[in-house]
Amino acid sequence: MSELKDQSIEQGTRKRADYNNARRARLALSIDRSDGGQLQIVVETDMRSHEEEPEIQQNTFLAVVPLARLPGHDRYDEAPKGALPRPGRIYIFQNGRLWRELACDGKGDLSDVDVAHWRHIAAQGEPADDRPPVGKPLALTLVPMLLQGRFVGDQYRMAYSEMAWTWEYIAWLEADSSRVGNRCQSVAPAWSAAIVGGERWKPTQAMPVVVIDRQAEGLRARDFNVESTLADPAVFTPSFTAFAETEWVIKLQCAQEQLAAFQQGERPHPLPELEAGPDMLVEKKLRGYPKLVGFMLEDPQFALRHATAQARLAEAYLLSLNALVAHRPNGRYAQVVYSTVMRSGDNPLAKFRDLIDQPALLEAVFEDERKAAREHLERTLERLLALFERRLESVAADWLFSHDERLLEPYAWLTEALDALNKTPSQCDALCHTPTSRELEARIDRLVQSLLQATHPLTRRMLVGVDGELPEAVERLQALSVQTREPDPARMGLSTLLQAASLDTPATDALGVSKNMTALVGDFMDLFATAVGTQLNRVGASLVNIELHRLFAPAFGVFERLSPSWKGLTLVSRADANTQGLVILGVEGAGLSHGLTAEERRTLTRRNYRYATLHDKAGNPIGSTSPRHAQRQLPNLGRITVIAAPADHPQVHKLSAWKLQANRTIQATLETPAVPLVAVVCALFNLHAQRIGMKELKTEGSEGIFRYHAGELSAGTELIVALGNLSKPILGAENGLAGR
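Okay, so the sequence shown: first residue is 0 according to numbering that gives the first Met the number 0, each after it adds one.
Spelled out as structure tokens, the structure:
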């Protein structure tokens, strides 16, 4: 080949050369190494030269800028939007075999890894997981589209990952081309965009490709803290300098500032000051090339975190508005009138609505603001549901094929998702008269049940199977938890890091992630257990006990193996617990009876609740909601499944001590003591199982009939009160389970 000579053409600059047609050689990309020398990336091993054509060449490479797809623009009639990929890795496969691996820094730089070198290292059986980049930073990557005049763009697939993949995972993908197809996206649509050009090309959901030169707003370095608070992260462009007044974070800030002024409390932290950022397309000199395209890669991790962050914002805003109503002029009066007269359904007070200044009343209770927030929350939950319906499990495999802290990331996703799915519009807005749509509730219930029963493809790899078989991820976590080293934040995903930061708080009895791997794994399982427990209580009202047991058993099998706090706890029938001398956690033991301490029982009695008693056919009482009769055993409840423990188990005493101390400090307006998360979760499960068991007695005509002394028999007044007392420290006082 002769010396390369530059030739200006419409698409940019062409490198011309004269070839020896008779010679066959290897075709490779040559990239400068940061440590000196050249990195050769082989494209084809048996190539010969050809005559150059005026336009498209027989050997043509397409310049592609990898982008990350942003959430919220996924309707079929809407163009997708993208941003620079967050820090992580870009993987390109050629015919099902890893061809290139590039490290991305979130600012537009891409640096190649010497894949051939690490493939050789792995073939010798040596560790090949820590693969630092060696190529000099580039702003784009070249992908072959035509070789020897033949289209090969469909042979290349690309994927983004937040964390570098283990070589074990790469080998697993390469062993089956369908796995690569499920995890990666075909680059072929990028060729179509380059041929059509920016004047006529429109990105679609099926072909998420943009022409770079048509991106008028530009691209800026990623910032998760800012993007997660934006309803549409696509507005985070180089010209973005302040949150718009319509952003939920601004609305929440204003509401909390007003509330702090009324209550003379601490003002919320001010929002960060923002500045315009450089346009990376200008910085990297990527403008002015009409055939340069950007290829949007799926980033479901960001979409998941964005959805959960928006759900938390909406919930906090609704709670703040509800709290503000009482501080408005005639606010408490408006609150009472709205909650009674304006209540929908069969409402005898509805006849007084015409006597009320309804516009003024609705304004006083923030009707429009609350409705907008509920609608935003509903859209957010729908996007979250769609994520789990779009093969999120294929991305989870990025983390589960490892032996270090990466294993925790999918469990952190589940914790975030289960927590967000508990924030339904009607649950977050105490003044809401409109129930959450049945379709949305049904979709949430179906997803939650499939996740917890380990029938969803994601949790099938993460929770214990029906037959008690441990998935490989749990076995790997068991091995990780016995390691004596300190946790390494560099091996944690963003969700893991965020939850690890939340553990450093006196509000819970977490062990602290900085100590050792046992503490790290155990603390994360306890957080996961809290999310599971709150979901069980949400869906439990429509379940029978055997379903409640089936929902909890797969996760319980993980907790008892990975968390020190769950050691010694067992999932058994109530009859077996009595036979073995075990106590039902949260219901009895260490001074508790039917979930209440003696002090709580006295308070309940003073409130003069109406009691109801259950009799058998002979008229003998077999159960009662009366504290005086509550000590009697309900033989019919022996079949229900409960979490039991020895009477001297630490969690039994922790819960009793916490309930006693919490009750006294609350009455004395002192700081509430740390919450024993595991004990509370177990108690919630057991109390809910008791309620369900009592409900089932209604259908057992051969066992007993209801005779009412006064009022209506529900699941038991004491159990309801105990549930409410336990749910408040986890869900917040405004979201108590028993009150719904």
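For glycine and all other residues, C-beta sits at the position ideal for the given N, C-alpha and C. Being a predicted model, the structure only gives us computed values, none of them experimental.
Under the three-state reduction of DSSP, which class applies to residue i: helix, strand or coil?
i: LYS4; result: strand
i: MET162; result: coil
i: ASP111; result: strand
i: SER343; result: coil
i: VAL677; result: helix
i: ASP153; result: helix
i: ASP45; result: strand
i: TYR337; result: helix
i: GLU100; result: strand
i: PHE60; result: strand
i: THR433; result: coil
i: VAL481; result: coil
i: THR569; result: strand
i: PRO65; result: strand
i: ILE30; result: strand
i: PRO143; result: strand
i: THR529; result: helix
i: VAL195; result: helix
i: LEU137; result: strand
i: ILE211; result: helix
i: ARG130; result: coil
i: TYR75; result: coil
i: ALA554; result: helix
i: TRP394; result: First, the amino acid is wrong: residue 394 is Val here, not Trp. VAL394: helix per DSSP, three-state reduction.
i: GLY95; result: coil
i: GLY35; result: coil
i: ILE40; result: strand
So, are the CB atoms of residue i and residue j less than 8 Å apart?
i: ARG96; j: GLU173; result: yes
i: ARG460; j: ALA472; result: yes
i: LEU420; j: ALA306; result: no
i: ARG130; j: GLU100; result: yes
i: ARG373; j: HIS432; result: no
i: ARG390; j: ARG490; result: no
i: MET295; j: LEU137; result: no
i: TRP398; j: GLU408; result: yes
i: GLN334; j: VAL324; result: yes
i: THR529; j: PRO563; result: no
i: GLY287; j: ASP212; result: yes
i: GLN650; j: ARG560; result: no
i: LEU457; j: ALA552; result: no
i: VAL641; j: VAL571; result: yes
i: VAL531; j: GLN448; result: no
Classify residue i: buried if its beta carbon has 16 or more other beta carbons within 10 angstroms, exposed otherwise.
i: LYS290; result: buried
i: ILE8; result: exposed
i: TYR332; result: exposed
i: LEU280; result: buried
i: ALA189; result: buried
i: ASP44; result: Note that residue 44 corresponds to Thr in the displayed sequence, not to Asp. Flag for THR44 reads exposed.
i: LEU83; result: buried
i: ILE194; result: exposed
i: LEU251; result: buried
i: HIS119; result: exposed
i: ASP175; result: exposed
i: HIS548; result: buried
i: GLN300; result: buried
i: THR423; result: buried
i: ARG627; result: A caution first: ARG627 carries a pLDDT of 46, below 50, which makes its placement in the model too unreliable to give a value.
For residue i, which residues from the same chain have a beta carbon less than 8 Å from its beta carbon, with the 5 sequence-adjacent residues on both sides left out?
i: ASN329; result: ALA363
i: ALA259; result: GLU265, ARG266, PRO267
Among residues of its own chain, excluding the 5 on either side of residue i, which ones have a beta-carbon nearer than 7 Å to its beta-carbon?
i: LEU320; result: ALA254, PHE365, GLU368, ARG369
i: SER185; result: ASP153, ARG156
i: ILE89; result: PRO65, LEU101, CYS103, LEU109, MET157, TYR159
i: ASN94; result: GLN154
i: ALA667; result: Low confidence applies to ALA667: its pLDDT is 44, below 50, so where it sits in the model is not reliable, and the reading given next is rough at best. Counting only Cβ-Cβ distances below 7 Å, and skipping sequence neighbours, we find nothing.
i: PHE558; result: MET524, ALA528, TRP565
i: LEU146; result: GLU43, ASN58
Apart from the five residues on each side of it in sequence, which residues of its chain come closer than 6 Å, Cβ to Cβ, to residue i?
i: ALA411; result: SER494, THR495, GLN498
i: GLU297; result: ARG68
Using 8 Å as the limit for Cβ to Cβ distance, is residue i near chain C?
i: PRO358; result: Considering every chain present, this structure includes no chain C. It has just one protein chain.
Enumerate, from N- to C-terminal direction, the unbroken alpha helix (DSSP H) stretches of 4 or more residues contained entirely within the region 413–479. With a minimum length of 4 residues, the continuous alpha helix (DSSP H) runs that stay inside the region 413–479 are 424–427, 437–451.
At 3 residues or longer, what runs of the beta strand (DSSP E) sit wholly inside the region 227–315? You should have 292–296.
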